[in-house]
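Heads up, my numbering is the position in the sequence shown plus 60, with the first residue counted as 1.
Beta carbons: idealized from backbone N, C-alpha and C, even for Gly.
Model, not experiment: these values are computed from the prediction.
Here is the structure we will look at.
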Amino acid sequence: MAAIRRLPPGLVNRIAAGEVVERPASAIKELIENALDAGASRITVELTDGGRALIAVSDDGAGMTPQEIELAVERHATSKLPNDDLIRITSLGFRGEALAALGAVGRMRITSRPPGQESAFALAVVAGDVGPVAPAPGPAGTRVEVQDLFFATPARLKFLKSDRAESQAAREAVERLAIAHPEVAFDLLLDGRRVLVLEPSGSDPLEQTESRLRAIMGREFAENALIVDAEREGIRLFGFAGLPTLSRTTQRFQHWLINRRPVQDRLLRGALRAAYGDLLFQDRQSMAA
61 MAAIRRLPPG LVNRIAAGEV VERPASAIKE LIENALDAGA SRITVELTDG
111 GRALIAVSDD GAGMTPQEIE LAVERHATSK LPNDDLIRIT SLGFRGEALA
161 ALGAVGRMRI TSRPPGQESA FALAVVAGDV GPVAPAPGPA GTRVEVQDLF
211 FATPARLKFL KSDRAESQAA REAVERLAIA HPEVAFDLLL DGRRVLVLEP
261 SGSDPLEQTE SRLRAIMGRE FAENALIVDA EREGIRLFGF AGLPTLSRTT
311 QRFQHWLINR RPVQDRLLRG ALRAAYGDLL FQDRQSMAA
(Lines of atoms letter the chains of each structure in order from A; the text may use other names.)
(Lines give C-alpha, C1' and ligand atoms only; values in the text may rest on other atoms or scores of the structure.)
Protein backbone atom coordinates (compact mmCIF):
# COMPACT_ATOMS: atom_id res chain seq x y z
CA MET A 61 0.00 0.00 0.00
CA ALA A 62 1.29 3.43 -0.96
CA ALA A 63 2.17 5.87 1.80
CA ILE A 64 -0.20 8.70 2.64
CA ARG A 65 0.95 12.01 1.16
CA ARG A 66 -0.34 15.50 0.52
CA LEU A 67 -1.64 16.05 -2.98
CA PRO A 68 -0.08 18.89 -5.00
CA PRO A 69 -2.07 22.17 -4.73
CA GLY A 70 -2.84 22.18 -8.47
CA LEU A 71 -4.37 18.70 -8.28
CA VAL A 72 -6.34 19.63 -5.16
CA ASN A 73 -7.81 22.62 -6.98
CA ARG A 74 -8.85 20.51 -9.97
CA ILE A 75 -10.55 17.97 -7.73
CA ALA A 76 -12.33 20.72 -5.78
CA ALA A 77 -13.36 22.43 -9.02
CA GLY A 78 -15.61 19.49 -9.84
CA GLU A 79 -17.74 20.31 -6.81
CA VAL A 80 -18.25 23.92 -7.93
CA VAL A 81 -18.34 23.66 -11.73
CA GLU A 82 -20.30 20.65 -12.91
CA ARG A 83 -21.20 22.03 -16.34
CA PRO A 84 -21.26 25.38 -18.19
CA ALA A 85 -24.59 26.31 -16.59
CA SER A 86 -23.13 26.06 -13.08
CA ALA A 87 -20.16 28.20 -14.13
CA ILE A 88 -22.53 30.83 -15.51
CA LYS A 89 -24.59 30.79 -12.30
CA GLU A 90 -21.47 31.43 -10.20
CA LEU A 91 -20.25 34.25 -12.44
CA ILE A 92 -23.64 35.96 -12.60
CA GLU A 93 -23.94 35.79 -8.82
CA ASN A 94 -20.53 37.47 -8.56
CA ALA A 95 -21.74 40.21 -10.92
CA LEU A 96 -24.94 40.74 -8.92
CA ASP A 97 -22.97 40.92 -5.67
CA ALA A 98 -20.79 43.57 -7.34
CA GLY A 99 -23.87 45.76 -7.89
CA ALA A 100 -24.17 45.28 -11.66
CA SER A 101 -27.11 46.88 -13.47
CA ARG A 102 -26.39 45.06 -16.75
CA ILE A 103 -24.97 41.57 -17.24
CA THR A 104 -24.04 40.03 -20.59
CA VAL A 105 -23.50 36.28 -20.95
CA GLU A 106 -21.86 34.69 -24.00
CA LEU A 107 -21.54 30.98 -24.86
CA THR A 108 -19.89 29.21 -27.76
CA ASP A 109 -20.34 25.49 -28.49
CA GLY A 110 -22.53 25.02 -25.45
CA GLY A 111 -19.87 26.57 -23.22
CA ARG A 112 -17.10 24.16 -24.15
CA ALA A 113 -15.24 26.70 -26.29
CA LEU A 114 -16.18 29.93 -24.49
CA ILE A 115 -18.05 31.17 -21.46
CA ALA A 116 -17.94 34.93 -20.89
CA VAL A 117 -19.80 37.04 -18.35
CA SER A 118 -19.45 40.85 -18.44
CA ASP A 119 -20.92 43.33 -15.97
CA ASP A 120 -20.88 47.04 -15.14
CA GLY A 121 -20.45 46.50 -11.41
CA ALA A 122 -17.90 47.71 -8.87
CA GLY A 123 -14.88 46.15 -10.58
CA MET A 124 -11.62 45.10 -8.88
CA THR A 125 -8.26 46.69 -8.30
CA PRO A 126 -5.10 44.84 -9.47
CA GLN A 127 -4.52 43.60 -5.91
CA GLU A 128 -8.08 42.33 -5.65
CA ILE A 129 -7.83 40.52 -8.99
CA GLU A 130 -4.77 38.66 -7.73
CA LEU A 131 -6.59 37.59 -4.58
CA ALA A 132 -9.83 36.73 -6.37
CA VAL A 133 -8.34 33.69 -8.13
CA GLU A 134 -7.16 32.11 -4.88
CA ARG A 135 -9.40 29.54 -3.19
CA HIS A 136 -11.52 30.83 -0.31
CA ALA A 137 -10.62 34.46 -1.01
CA THR A 138 -13.73 36.63 -0.98
CA SER A 139 -15.02 40.09 -0.11
CA LYS A 140 -18.41 38.76 0.98
CA LEU A 141 -17.76 37.77 4.58
CA PRO A 142 -16.35 40.99 6.07
CA ASN A 143 -17.18 39.88 9.63
CA ASP A 144 -16.64 36.12 9.14
CA ASP A 145 -20.34 35.70 9.97
CA LEU A 146 -21.88 32.60 8.38
CA ILE A 147 -25.26 33.25 9.99
CA ARG A 148 -26.10 36.60 8.38
CA ILE A 149 -25.02 36.17 4.77
CA THR A 150 -26.35 38.98 2.59
CA SER A 151 -24.54 38.09 -0.66
CA LEU A 152 -25.32 35.38 -3.20
CA GLY A 153 -21.82 33.92 -3.14
CA PHE A 154 -19.53 33.69 -0.14
CA ARG A 155 -17.24 30.66 -0.48
CA GLY A 156 -14.66 32.28 -2.74
CA GLU A 157 -14.25 29.17 -4.89
CA ALA A 158 -15.77 29.90 -8.29
CA LEU A 159 -12.92 31.79 -9.96
CA ALA A 160 -10.26 29.46 -8.55
CA ALA A 161 -12.25 26.47 -9.80
CA LEU A 162 -12.69 27.88 -13.31
CA GLY A 163 -9.01 28.76 -13.52
CA ALA A 164 -8.10 25.22 -12.46
CA VAL A 165 -10.03 23.44 -15.22
CA GLY A 166 -9.90 25.90 -18.13
CA ARG A 167 -8.16 28.94 -19.63
CA MET A 168 -9.55 31.90 -17.72
CA ARG A 169 -8.95 35.60 -18.17
CA ILE A 170 -10.28 38.31 -15.87
CA THR A 171 -10.38 41.94 -16.96
CA SER A 172 -11.64 44.48 -14.44
CA ARG A 173 -11.73 48.19 -13.70
CA PRO A 174 -13.40 50.06 -10.83
CA PRO A 175 -15.26 53.19 -12.08
CA GLY A 176 -12.66 55.58 -10.64
CA GLN A 177 -9.61 53.74 -11.98
CA GLU A 178 -7.95 55.07 -15.15
CA SER A 179 -7.02 51.69 -16.67
CA ALA A 180 -8.37 48.17 -16.52
CA PHE A 181 -6.13 45.32 -15.46
CA ALA A 182 -6.19 41.69 -16.57
CA LEU A 183 -4.95 38.37 -15.26
CA ALA A 184 -4.87 34.95 -16.94
CA VAL A 185 -5.06 31.55 -15.26
CA VAL A 186 -4.41 28.39 -17.28
CA ALA A 187 -5.04 25.06 -15.57
CA GLY A 188 -4.26 26.63 -12.21
CA ASP A 189 -1.11 28.43 -13.40
CA VAL A 190 -1.62 32.10 -12.47
CA GLY A 191 0.00 34.73 -14.68
CA PRO A 192 0.91 38.32 -13.77
CA VAL A 193 -1.58 41.18 -13.51
CA ALA A 194 -1.07 43.62 -16.38
CA PRO A 195 -2.80 46.76 -17.73
CA ALA A 196 -5.45 46.04 -20.36
CA PRO A 197 -8.23 47.87 -22.22
CA GLY A 198 -11.66 47.52 -20.70
CA PRO A 199 -14.70 49.47 -19.48
CA ALA A 200 -15.69 49.90 -15.86
CA GLY A 201 -16.83 46.61 -14.40
CA THR A 202 -15.58 43.06 -14.82
CA ARG A 203 -15.37 40.53 -17.64
CA VAL A 204 -14.53 36.88 -16.99
CA GLU A 205 -13.75 34.67 -19.98
CA VAL A 206 -13.26 30.92 -19.76
CA GLN A 207 -12.06 29.10 -22.86
CA ASP A 208 -11.68 25.35 -23.33
CA LEU A 209 -13.64 24.42 -20.21
CA PHE A 210 -12.38 21.16 -18.65
CA PHE A 211 -9.38 20.90 -20.98
CA ALA A 212 -7.29 20.28 -17.85
CA THR A 213 -9.70 17.55 -16.68
CA PRO A 214 -10.73 15.89 -19.98
CA ALA A 215 -12.61 13.08 -18.22
CA ARG A 216 -15.25 15.62 -17.19
CA LEU A 217 -15.92 16.53 -20.83
CA LYS A 218 -17.44 13.07 -21.31
CA PHE A 219 -20.21 13.93 -18.87
CA LEU A 220 -21.32 17.03 -20.79
CA LYS A 221 -24.42 16.68 -22.94
CA SER A 222 -24.89 18.01 -26.48
CA ASP A 223 -24.15 21.66 -27.23
CA ARG A 224 -27.89 22.25 -27.56
CA ALA A 225 -28.65 20.69 -24.16
CA GLU A 226 -25.84 22.61 -22.43
CA SER A 227 -26.95 25.87 -24.06
CA GLN A 228 -30.53 25.26 -22.90
CA ALA A 229 -29.36 24.57 -19.34
CA ALA A 230 -27.31 27.77 -19.44
CA ARG A 231 -30.29 29.76 -20.68
CA GLU A 232 -32.46 28.41 -17.86
CA ALA A 233 -29.80 29.40 -15.32
CA VAL A 234 -29.80 32.95 -16.71
CA GLU A 235 -33.60 33.10 -16.72
CA ARG A 236 -33.88 31.99 -13.09
CA LEU A 237 -31.45 34.67 -11.90
CA ALA A 238 -33.13 37.25 -14.15
CA ILE A 239 -36.50 36.52 -12.51
CA ALA A 240 -34.89 36.89 -9.09
CA HIS A 241 -33.39 40.26 -10.07
CA PRO A 242 -35.85 42.01 -12.41
CA GLU A 243 -34.17 45.38 -11.78
CA VAL A 244 -31.05 44.17 -13.65
CA ALA A 245 -30.72 44.00 -17.45
CA PHE A 246 -29.58 40.68 -18.94
CA ASP A 247 -28.30 39.77 -22.41
CA LEU A 248 -27.57 36.21 -23.54
CA LEU A 249 -25.63 35.37 -26.70
CA LEU A 250 -25.35 31.79 -27.96
CA ASP A 251 -22.77 31.23 -30.70
CA GLY A 252 -22.80 34.94 -31.47
CA ARG A 253 -26.60 35.13 -31.73
CA ARG A 254 -28.48 37.27 -29.21
CA VAL A 255 -31.27 35.02 -27.93
CA LEU A 256 -32.32 36.84 -24.76
CA VAL A 257 -32.65 40.59 -24.12
CA LEU A 258 -34.20 41.49 -20.78
CA GLU A 259 -34.55 45.15 -19.80
CA PRO A 260 -35.95 46.42 -16.49
CA SER A 261 -39.41 47.95 -16.73
CA GLY A 262 -40.31 50.86 -14.44
CA SER A 263 -39.19 51.45 -10.87
CA ASP A 264 -41.95 49.62 -9.01
CA PRO A 265 -40.80 46.12 -7.90
CA LEU A 266 -44.16 44.52 -8.74
CA GLU A 267 -44.17 46.09 -12.19
CA GLN A 268 -40.60 44.94 -12.78
CA THR A 269 -41.42 41.39 -11.71
CA GLU A 270 -44.54 41.21 -13.88
CA SER A 271 -42.60 42.53 -16.88
CA ARG A 272 -39.74 40.08 -16.37
CA LEU A 273 -42.12 37.11 -16.02
CA ARG A 274 -43.95 38.18 -19.17
CA ALA A 275 -40.63 38.23 -21.05
CA ILE A 276 -39.50 34.82 -19.77
CA MET A 277 -42.72 32.87 -19.14
CA GLY A 278 -44.66 34.39 -22.04
CA ARG A 279 -47.60 36.73 -22.49
CA GLU A 280 -50.04 33.86 -22.05
CA PHE A 281 -48.76 33.28 -18.51
CA ALA A 282 -48.95 36.98 -17.66
CA GLU A 283 -52.58 37.07 -18.79
CA ASN A 284 -53.57 33.82 -17.05
CA ALA A 285 -51.83 34.02 -13.67
CA LEU A 286 -53.06 35.05 -10.24
CA ILE A 287 -51.02 36.83 -7.58
CA VAL A 288 -50.25 34.76 -4.50
CA ASP A 289 -49.43 36.81 -1.39
CA ALA A 290 -49.58 35.22 2.06
CA GLU A 291 -47.72 35.52 5.34
CA ARG A 292 -47.49 33.11 8.26
CA GLU A 293 -45.12 32.88 11.22
CA GLY A 294 -42.82 35.55 9.86
CA ILE A 295 -42.48 33.95 6.42
CA ARG A 296 -43.93 35.62 3.34
CA LEU A 297 -44.89 33.75 0.19
CA PHE A 298 -45.28 35.92 -2.88
CA GLY A 299 -45.56 35.05 -6.54
CA PHE A 300 -47.74 34.23 -9.52
CA ALA A 301 -49.62 30.97 -10.17
CA GLY A 302 -51.01 30.10 -13.57
CA LEU A 303 -54.65 29.08 -13.92
CA PRO A 304 -55.25 25.32 -14.19
CA THR A 305 -56.28 25.84 -17.81
CA LEU A 306 -52.71 26.97 -18.52
CA SER A 307 -50.38 24.00 -18.13
CA ARG A 308 -47.36 22.36 -19.74
CA THR A 309 -45.88 18.86 -20.01
CA THR A 310 -42.66 19.94 -18.29
CA GLN A 311 -41.71 21.53 -14.96
CA ARG A 312 -39.43 24.00 -16.75
CA PHE A 313 -41.93 26.80 -16.14
CA GLN A 314 -41.95 26.38 -12.37
CA HIS A 315 -39.54 28.79 -10.69
CA TRP A 316 -38.77 28.86 -6.97
CA LEU A 317 -36.83 31.67 -5.33
CA ILE A 318 -35.98 31.88 -1.64
CA ASN A 319 -34.55 35.25 -0.56
CA ARG A 320 -33.88 35.95 -4.26
CA ARG A 321 -31.95 32.70 -4.66
CA PRO A 322 -33.20 30.26 -7.32
CA VAL A 323 -33.71 26.82 -5.78
CA GLN A 324 -34.99 23.43 -6.93
CA ASP A 325 -36.69 21.33 -4.31
CA ARG A 326 -38.89 18.24 -4.61
CA LEU A 327 -40.88 19.11 -1.49
CA LEU A 328 -41.85 22.50 -2.90
CA ARG A 329 -42.76 21.00 -6.27
CA GLY A 330 -44.86 18.39 -4.49
CA ALA A 331 -46.66 21.07 -2.49
CA LEU A 332 -47.44 22.97 -5.67
CA ARG A 333 -48.76 19.83 -7.33
CA ALA A 334 -50.93 19.08 -4.30
CA ALA A 335 -52.32 22.62 -4.34
CA TYR A 336 -53.69 22.14 -7.84
CA GLY A 337 -55.02 18.71 -6.89
CA ASP A 338 -57.39 17.24 -9.47
CA LEU A 339 -57.54 20.48 -11.45
CA LEU A 340 -54.61 19.27 -13.58
CA PHE A 341 -54.37 16.12 -15.65
CA GLN A 342 -51.80 13.62 -14.40
CA ASP A 343 -49.28 14.38 -17.16
CA ARG A 344 -49.60 18.18 -16.98
CA GLN A 345 -47.59 20.66 -14.92
CA SER A 346 -48.66 24.07 -13.66
CA MET A 347 -46.82 27.29 -14.47
CA ALA A 348 -45.76 29.33 -11.46
CA ALA A 349 -43.09 31.60 -10.04
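| query | result |
| --- | --- |
| So, for residue 267: in the same chain, excluding its five sequence neighbours on each side, which residues have a beta-carbon less than 8 Å away from its beta-carbon? | 261 |
| Between which two residues does the alpha helix (DSSP H) containing residue 430 stretch? | This structure cannot settle anything about residue 430, because the visible part of the chain is limited to 61 through 349. |
| Taking 8 Å as the threshold (C-beta atoms), are residue 301 and residue 348 in contact? | yes |
| Suppose contacts are defined by Cβ-Cβ distances below 8 Å. Is residue 171 in contact with residue 98 by that definition? | no |
| Could you check how far apart the C-beta atoms of residue 276 and residue 235 are, in whole angstroms? I think they sit under 8 Å. | 5 Å |
| Suppose the cutoff is 8 Å on Cβ atoms and the five residues either side in sequence are ignored; what does the same chain contact list for residue 224 look like? | 110 |
| Taking the runs of the beta strand (DSSP E) that are 3 residues or longer, which of them lie wholly in the segment 173-253? | 180-186, 194-196, 201-207 and 245-250 |
| Return the CA-CA distance between residue 167 and residue 346, expressed in angstroms with no decimal places. | 41 Å |
| When you compare only the Cα positions, how much space is there between residue 279 and residue 107? | 27 Å |
| Checking the sheet assignment: what are the DSSP bridge partners for residue 279? | Paired residues: none, contrary to the question. |
| Which class does residue 106 belong to by DSSP, given the choice of helix, strand or coil? | strand |
| Below 8 Å CB to CB, which residues in the same chain sit around residue 174 once its five sequence neighbours on both sides are set aside? | 122, 123, 124, 125 and 200 |
| Within 10 Å of its beta-carbon, does residue 288 have 16 or more other beta-carbons around it, so buried, or fewer, so exposed? | exposed |
| Quick check on residue 92: does DSSP put it in helix, strand or coil? | helix |
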